[in-house]
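A.B. asks:
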Amino acid sequence: MVKDAVKTTSTIEDIISPEIRMLMNAQGISKHLMLKYGASEMNIIQEIFPAQLIEFNETKFKFSPVAVHAFTESLSGMKNMKFNGLYPYDMYRKTIKDKVPNIVSLLNPGDAYGAT
C-alpha cells in the first residue's frame, strides 16, 4: 500500500463493469439502485476498506476494494500462496512462533486460563 494515499469514494463505474451496467439498465434498474441489486455488500466493504486515490508520475490510480475473503482452512492447511518461499504456517513457525509470547500467559502469568 501507499502511505500517502487519499481516502475517496468509489462510484458505480468503479465497481460494476460497463456491460453489466448496460444490462441492468436494460432491465429497468436505475443507476442509483445498481449497487443494491448488483453488489449489495459493497457499502459494508467500502466502509471498512475505503477506496484510495494515489498519484504516481502525474497518473492517478483509484483502488476500490470489491471483495473480502477469509480462509476456512486452519493456518497449517493454507497451501495456495507462499511468502518468501514459505507457506503461511511455515512462515509462522520460522518468524513468529517462539518470538511472540502466548497471550494467555501475558494476561495472568500465574494462571494459564486467566482465572483469579
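Letter by letter, the sequence shown follows residues 1 to 116 in my numbering. Note that CB positions come from ideal geometry on N, CA and C, so glycine has one too. The model shown is predicted, which means the values in this text are computed figures rather than measured ones.
1. Can you tell which of Glu58, Arg21, Asp14, Ile96 has its C-alpha closest to the C-alpha of methionine 42?
2. Under 9 Å, do proline 50 and threonine 11 count as touching if we go by C-beta distance?
3. Which residues does DSSP pair with leucine 53 in a beta bridge?
4. Would the segment 23-30 count as touching the segment 65-78 if we require 3 or more Cβ pairs under 8 Å?
5. Report buried or exposed for isoleucine 16, applying the criterion of at least 16 other Cβ atoms within 10 angstroms of its Cβ.
6. Thinking just about the alpha-carbon of each residue, which of Val6, Gly38, Ala5 is nearest to the one in glutamate 19?
7. Between the C-alpha atoms of phenylalanine 83 and methionine 91, what's the straight-line distance to the nearest angstrom?
8. If you follow the alpha helix (DSSP H) that alanine 26 is in, where does it begin and where does it stop?
C.D. replies: Here's the rundown:
1. Asp14
2. no
3. In the DSSP output, where bridge partners are listed per residue, leucine 53 has Val6, Lys62.
4. no
5. buried
6. For glutamate 19, the nearest C-alpha among the options comes from Gly38.
7. 7 Å
8. 18-26
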